[in-house]
Structure formats: structure tokens, C-alpha cells
Amino acid sequence: MDKEKLLGGVALFANLQPKHLKGIAQICTERSFKAGDVLIKQGEDGIGLFILITGRVKVTKTNPGGQNVEIASNGAGDILGEMAVLDGAPRTATVTATEPTDALVLASWEFNSFLKTHPEVAIDILPIVVKRFRETNDALIGVRL
């Protein structure tokens, strides 16, 4: 699998220089999950972000009444958990594989170390993070209206 090509196809990393994609690819690990495996658990500390290679996952959130509500379904090429990697906050949702799933995992400490030695990467990804935040914010405002 060409990790650099996969990373370059993800919006968060699409604007990075090839040398930076190569550097990030070197610190990613590939993991496989069975249907029913939990990749991310709501309320837990984020250990990294996930880029789905194959398979599908569902994203659920526990509401105040204790019910799990499915809020999204994601597949190959999607990225999950990038906010927790960047801000260190606990996970805001649970992500569960709904079928056998392979993912690249970029550990928080590895990525943060990479950003410290390559601050220009942080500047390059910032507009993408802000765009995703705005889209999420707009969607929430739309739900409330």
C-alpha cells in the first residue's frame, strides 16, 4: 500500500509537500479491525487519528438520556479523530467497525513531534481544520434552527 498516496488523497494532508507526506507516512502504522471492534470511544483520551483504507465504520454519540445515536457512517478515504489529536481533548463520539476495516493510524505523540520539527505543516493543515470546524458548526446551527 502506498501510504503517501493515501495521505495525499485526504483533505487534511492534500496541500502538503511530498517530503512532508513521506515523513508522515513513515510514522503511520496500519491496523486491522473486525466488525464490532471499537476504534475510538467517546470520553476517552485520543491516542491518534485514523484514515480508513478499507471497510466501514459507524459514528455514534451517547445522548444525555444514555442512548447511542448514530450520527455518521464513514468508509475508505475518510479521516477520524483529527480534532482530538490536535487539541488533546477527550473523544466526542464512538467509532465502531461495521465490517472488516483497515486503517492507517497516526499516533498523537508522533504527529505532535512531527509538527514541532516541521511547523510549516501545522500552518498548511490549519485552514482544513478550520473548514471542518465551520462545517460542523454550521450543521449544528442548522439542526437547532
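Numbers 15 to 159, taken from the working numbering, label the letters of the sequence shown in order. Positions of the beta carbon are idealized from the N, C-alpha and C atoms, including for glycine.
- For Thr74, the beta-bridge partners assigned by DSSP are Glu84, Thr108.
- Fully enclosed beta strand (DSSP E) runs of no fewer than 3 residues are not present anywhere in the stretch 121-154.
- In the three-state reduction of the DSSP assignment, Asp92 falls in the coil class.
- Leu100 is not bridged by DSSP to any residue.
- Annotation: Leu30 is outside any alpha helix (DSSP H) and is labelled neither H nor E by DSSP.
- Annotated three-state conformation of Gly62 is strand, per DSSP.
- Counting along the chain, the unbroken alpha helix (DSSP H) around Glu18 starts and ends at 17-22.
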